[in-house]
Amino acid sequence: MEKNRCAWVTEDKIYKDYHDMEWGNPIHNDQQLFETLMLECMQTGLSWLIVLKKREGYRSAFDNFDINKISRYDNYKVDCLMEDKGIIRHRMKILAIINNANVFKKIQDIYGSFDKFLWAYVDYKPIINSWDTICQIPTTTDLSKQISKDLKKLGFKFLGDITVYSYLQAVGIVNDHTKECFLYKGK
17 MEKNRCAWVT EDKIYKDYHD MEWGNPIHND QQLFETLMLE CMQTGLSWLI
67 VLKKREGYRS AFDNFDINKI SRYDNYKVDC LMEDKGIIRH RMKILAIINN
117 ANVFKKIQDI YGSFDKFLWA YVDYKPIINS WDTICQIPTT TDLSKQISKD
167 LKKLGFKFLG DITVYSYLQA VGIVNDHTKE CFLYKGK
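Going by our numbering, the sequence shown wraps up at 203, each residue one higher than the last.
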């Protein structure tokens, strides 16, 4: 028998697996937090499914999202990435990933980890919402607006409040599984 999932999940196996095993699960590992944040940047203006299908290409192209390596990418590396068919070849987004790696490192230096910086916004406890339908789920909240504003002030690129809300859902800071979903935890 097929499981009931959130309505945004298609029949695509990669989407089902992402929903079932990743989306909404709290992440505290800085490397995973960085990878997800950068994939969300790349998704801006596109469908998440496109990015998911290219995730392995991104991991390969961006040294498994190693921030120390990415922060040292030069123009030659950017030109190589622009030729890589395994990723979305958008120069401004590629440059944003390099920029964001440097900002991410600064946050780690200041706060000890990006995890501590990010999860402090919710006092280290996930927000568990209780939505009947996908139509009730907001695309942005006061929290995502504040985090987006703070990230931009620190120097991050391609992180508007809608992208940040999607990120918060992806890394489990906000759990928006709807009530009909088998992963719904309830309040």
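Just so it is clear, CB atoms sit at the ideal spot from N, CA and C, and this is done for glycine as well. Bear in mind the structure is a predicted one, so any value in this text is a computation, not a measurement.
Measuring only the C-alpha atoms, how far is residue i from residue j?
| i | j | result |
| --- | --- | --- |
| K109 | K169 | 18 angstroms |
| L53 | S164 | 12 angstroms |
| L184 | G102 | 26 angstroms |
| C22 | T194 | 6 angstroms |
| D95 | N20 | 44 angstroms |
| F133 | G171 | 15 angstroms |
| E196 | T149 | 8 angstroms |
| I178 | T155 | 6 angstroms |
| Q104 | N115 | One point to set straight first is that residue 104 is Ile, not Gln, in the sequence displayed. The straight-line gap from Cα to Cα measures roughly 17 angstroms. |
| Y181 | Q162 | 10 angstroms |
| T157 | D139 | 17 angstroms |
| S129 | I123 | 7 angstroms |
| I126 | E18 | 46 angstroms |
What residue range is occupied by the uninterrupted alpha helix (DSSP H) comprising residue i?
| i | result |
| --- | --- |
| C57 | 46-59 |
| R107 | 107-127 |
| Q162 | 158-170 |
| K69 | 64-69 |
| T179 | 177-186 |
| K93 | 91-98 |
| I153 | I153 -> no alpha helix (DSSP H), and no H or E assigned at all. |
| F133 | 130-135 |
| Y140 | Taken as a continuous stretch (DSSP letters only), Y140 belongs to no alpha helix (DSSP H), as it is neither H nor E. |
Considering only the alpha carbon of each residue, which of the options lies closest to residue i?
| i | options | result |
| --- | --- | --- |
| Y92 | R107, K201, D28, K29 | R107 |
| S76 | G61, Y140, E51 | E51 |
| G202 | D166, G176, I143 | I143 |
| D79 | T60, I113, E56 | I113 |
| N145 | Y200, Y127, C151, L62 | Y200 |
| E99 | F198, Y74, R88 | Y74 |
- Task: Would you check if the region 41-58 and the region 74-88 touch, i.e. whether three or more CB-CB distances between them fall below 8 angstroms?
- Result: yes
- Task: Check whether the region 27-45 touches the region 187-196, counting contact only when three or more Cβ pairs, one atom from each stretch, lie closer than 8 angstroms.
- Result: yes
- Message: Check whether the region 25-32 and the region 59-73 touch, using three or more Cβ-Cβ pairs below 8 angstroms as the test.
- Response: yes
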